[in-house]
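*Asks:*
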Amino acid sequence: MTDLETKILELKEQNNAIILAHFYQDEEIQDIADFVGDSLDLSRKAATTECDTIVFCGVKFMAEVAKILNPKKNVIIPDIKAGCSLETSCPTKKFLEFKKSHPSHFIASYINCSAEIKALSDVIVTSSNAKKIIDQLPIDQKIIFAPDQHLGSYLNKLTGRDMLLWPGSCIVHETFSEREIVKMKIRNPNCEIIAHPECPDNVLSKANFIGSTSALLNYVRISNAQQFIIATEPHIIHQMKKIAPKKSFLIAPGQNGDCSCSNCPYMELNTMEKLYRCLKNGSPSINLEKNLLNSAKKPLERMLRMS
Ligand code: 13P
Ligand code: SF4
1011 MTDLETKILE
1021 LKEQNNAIIL
1031 AHFYQDEEIQ
1041 DIADFVGDSL
1051 DLSRKAATTE
1061 CDTIVFCGVK
1071 FMAEVAKILN
1081 PKKNVIIPDI
1091 KAGCSLETSC
1101 PTKKFLEFKK
1111 SHPSHFIASY
1121 INCSAEIKAL
1131 SDVIVTSSNA
1141 KKIIDQLPID
1151 QKIIFAPDQH
1161 LGSYLNKLTG
1171 RDMLLWPGSC
1181 IVHETFSERE
1191 IVKMKIRNPN
1201 CEIIAHPECP
1211 DNVLSKANFI
1221 GSTSALLNYV
1231 RISNAQQFII
1241 ATEPHIIHQM
1251 KKIAPKKSFL
1261 IAPGQNGDCS
1271 CSNCPYMELN
1281 TMEKLYRCLK
1291 NGSPSINLEK
1301 NLLNSAKKPL
1311 ERMLRMS
């Protein structure tokens, strides 16, 4: 164990803290975390922990969810600038106008959005539970789905709905190239292509399996295939190698045929040094105004009940 790892673990004990990490974090962060998961599992873990401090190694909207679901805890994040392109693609003012122009629509928002958008929503979904939740809504209910147009379009096909889609997208999943993925598959004919539903439709149409990060992880475990092309943020391969050590994983390529574009630039802002510093300082912490927190809590709690 390195000095830094020892210091982080000491501070964690002293602060009675739990370290939660998303699958897209650096390998060392995943390895030092108490729990590594997808957005849904991380929200559940954050809602039920009894530790005093939640160190959230993920992006800011994920840490906000932890704070909203467990507001008495000090929720800290290694780098407060760890945003998300889906969140920025849905500004509150514009979304409010959109909402007002569709007063009879029910609003289902993907968890990758700001606390303000959550507060304007009726229910929150993640890529793990979206189909299950949408299937529970009355069939004649008009629905707005925000902010991810690609996940929304995939869900429309899966559920037979005609949800109105906000035109947001993820810069990471949008950069995979269908053409380069097909070329990679031709060079590796026995491999399976697996993709996160934030990928555009043309990439999803080539996939043998589509699912949330935890569903992708489970798929590589149960599939008979020995090799996979991974069309999602590549840090998840760290867990795939652990769960299926004999199988091999190729990172889905971007337009230039390489994979340099597929790391999430926001997730990458969190480092082991910043994790150490945030535990030492008890900050940067997530603080949300009380009314905002309470309004955002309702659709999140509805999500937990429905999933
Ligand atoms: P998951 O909920 O599948 O972990 O996805 C989160 C995310 O940000 C994908 O880009
Ligand atoms: Fe947001 Fe995309 Fe990064 Fe996920 S991969 S956190 S959706 S920018």
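For the sequence shown, the numbering used here begins at 1011 and goes up steadily by one.
In this text, a Cβ means the ideal position worked out from N, Cα and C, and glycines have one as well.
Model, not experiment: these values are computed from the prediction.
1. Tell whether a beta-carbon distance below 8 Å holds between C1209 and I1086.
2. Whose CA, out of Q1035, A1031, A1043 and Y1034, lies closest to the CA of E1015?
3. If I follow the unbroken alpha helix (DSSP H) through T1136, where does it start and stop?
4. Given a threshold of 16 other Cβ atoms within 10 Å of its Cβ, counted over all protein chains shown, does E1020 qualify as buried or as exposed?
5. Express the C-alpha separation of P1263 and I1256 in angstroms, rounding to a whole number.
6. Helix, strand or coil for Y1286, going by three-state DSSP, please let me know.
7. Just to confirm, is the Cβ distance from C1067 to N1280 under 8 Å?
8. Please determine if the segment 1151 to 1167 and the segment 1123 to 1143 are in contact, where contact requires at least 3 C-beta pairs separated by less than 8 Å.
9. Please confirm whether I1296 and A1057 have their CB atoms less than 8 Å apart.
10. State the DSSP-derived secondary structure class of L1298, mapped to helix, strand or coil.
11. For M1277, does the count of other Cβ atoms within 10 angstroms reach 16, so buried, or fall short, so exposed?
12. Among all the DSSP beta bridges, which residues are the ones paired with F1186?
13. Short check: CB of S1222 to CB of T1136, under 8 Å?
14. If distances are taken between C-alpha atoms only, which option among K1252, N1304, P1148 and R1171 comes closest to S1037?
15. Examine the Cβ distances between the segment 1210 to 1229 and the segment 1096 to 1106 and report whether three or more of them are shorter than 8 Å.
16. Can you list, in chain order, the residues of its chain whose CB lies under 8 Å from that of Y1164, leaving out five sequence neighbours each side?
17. With a threshold of 7 Å (Cβ to nearest heavy atom), would D1089 be considered close to ligand 1?
18. Hey, which unbroken runs of the beta strand (DSSP E) at 3 residues or more fall wholly within the segment 1137 to 1203?
19. Excluding sequence positions up to five away, which residues of its chain have a Cβ less than 7 Å from the Cβ of K1216?
20. How about V1213: is its Cβ closer than 7 Å to a heavy atom in ligand 2?
21. If you draw a straight line from the alpha carbon of K1055 to that of A1140, how long is it in whole angstroms?
22. Considering only the alpha carbon of each residue, which of Y1286, A1306 and E1311 lies closest to E1023?
23. For L1050, which of K1083, I1143 and C1274 has the nearest alpha-carbon?
24. Closer than 7 Å to a non-hydrogen atom of ligand 1 - does that hold for the CB of L1227?
25. By Cβ distance, which residues of its chain are closer than 8 Å to N1198, with the 5 residues on each side in sequence left out?
26. Tell me the rounded alpha-carbon separation between D1268 and I1246.
27. Classify I1121 as helix, strand or coil using the three-state DSSP reduction.
*Replies:* In brief:
1. Start at 1 with the first residue of the sequence shown, and residue 1209 comes out as number 199. Start at 1 with the first residue of the sequence shown, and residue 1086 comes out as number 76. Contact flag unset, no.
2. As a first step, residue 1015 must be located in the sequence shown, where it is residue number 5. Closest by alpha carbon: A1043.
3. As a working mapping, residue 1136 is identified with position 126 in the sequence shown. T1136 -> no alpha helix (DSSP H), and no H or E assigned at all.
4. The residue you call residue 1020 lines up with position 10 of the sequence shown. Burial call: exposed.
5. Here residue 1256 is taken as the residue at index 246 of the sequence shown, counted from 1. Here residue 1263 is taken as the residue at index 253 of the sequence shown, counted from 1. Note that residue 1256 is Lys in the sequence shown, not Ile. In this model, K1256 and P1263 are separated by some 22 Å (Cα to Cα).
6. Counted from its first residue, the sequence shown places residue 1286 at position 276. Looking at Y1286 - three-state DSSP - the assignment turns out to be helix.
7. Within the sequence shown, residue 1067 is the residue found at index 57, counting from 1. Within the sequence shown, residue 1280 is the residue found at index 270, counting from 1. Closer than 8 Å, so yes.
8. yes
9. Counting from one through the sequence shown, the residue named residue 1296 turns up at place 286. Counting from one through the sequence shown, the residue named residue 1057 turns up at place 47. No; because the gap between Cβ atoms is not below 8 Å, this pair is not in contact.
10. Counting from one through the sequence shown, the residue named residue 1298 turns up at place 288. Three-state DSSP puts L1298 in coil, outside helix and strand.
11. Stepping through the sequence shown from its first residue, residue 1277 is reached at position 267. Under this definition M1277 is a buried residue.
12. Taking the first residue of the sequence shown as position 1, residue 1186 is located at position 176. Looking at the DSSP assignment, F1186 forms a beta bridge with G1264.
13. For the purposes of this step, residue 1222 is taken as residue 212 along the sequence shown, with counting starting at 1. For the purposes of this step, residue 1136 is taken as residue 126 along the sequence shown, with counting starting at 1. Going by C-beta atoms, S1222 is nearer than 8 Å to T1136.
14. Position 27 of the sequence shown holds residue 1037. Position check: residue 1037 holds Glu in this sequence, whereas Ser was assumed. Nearest to E1037 by alpha-carbon distance, out of K1252, N1304, P1148 and R1171, is K1252.
15. With the cut-off at 8 Å, the segment 1210 to 1229 and the segment 1096 to 1106 do not touch.
16. Your numbering for residue 1164 matches position 154 in the sequence shown. Cβ within range, chain order: P1207, D1211, L1214 and I1220.
17. As a working note, residue 1089 is residue 79 in the sequence shown. No, the beta carbon of D1089 sits no closer than 7 Å to any heavy atom of ligand 1.
18. 1153 to 1156
19. Taking the sequence shown and counting its residues from 1, one reaches residue 1216 at position 206. The beta carbon of K1216 sits closer than 7 Å to the beta carbons of E1188, I1191, V1192 and I1203 from its chain, once the five residues preceding and following it are set aside; these are given in chain order.
20. Start at 1 with the first residue of the sequence shown, and residue 1213 comes out as number 203. Answer for V1213: no, Cβ out of range of ligand 2.
21. Locating residue 1055 in the sequence shown gives position 45, where the first residue counts as 1. Locating residue 1140 in the sequence shown gives position 130, where the first residue counts as 1. Rounded to the nearest angstrom, the two C-alpha atoms are 19 Å apart.
22. Counting from one through the sequence shown, the residue named residue 1023 turns up at place 13. If we check each option's Cα against that of E1023, Y1286 comes out closest.
23. Looking up residue 1050 in the sequence shown gives position 40. For the residues K1083, I1143 and C1274, the minimum Cα distance to L1050 belongs to I1143.
24. As a position in the sequence shown, residue 1227 is number 217, starting the count at 1. Incorrect: L1227 has no Cβ contact closer than 7 Å to ligand 1.
25. As a working mapping, residue 1198 is identified with position 188 in the sequence shown. The answer, listed in chain order, is Q1237, I1239 and L1260.
26. For the purposes of this step, residue 1268 is taken as the residue at position 258 of the sequence shown. For the purposes of this step, residue 1246 is taken as the residue at position 236 of the sequence shown. Near 18 Å, if we compare the C-alpha coordinates of I1246 and D1268.
27. For the purposes of this step, residue 1121 is taken as the residue at position 111 of the sequence shown. I1121: coil per DSSP, three-state reduction.
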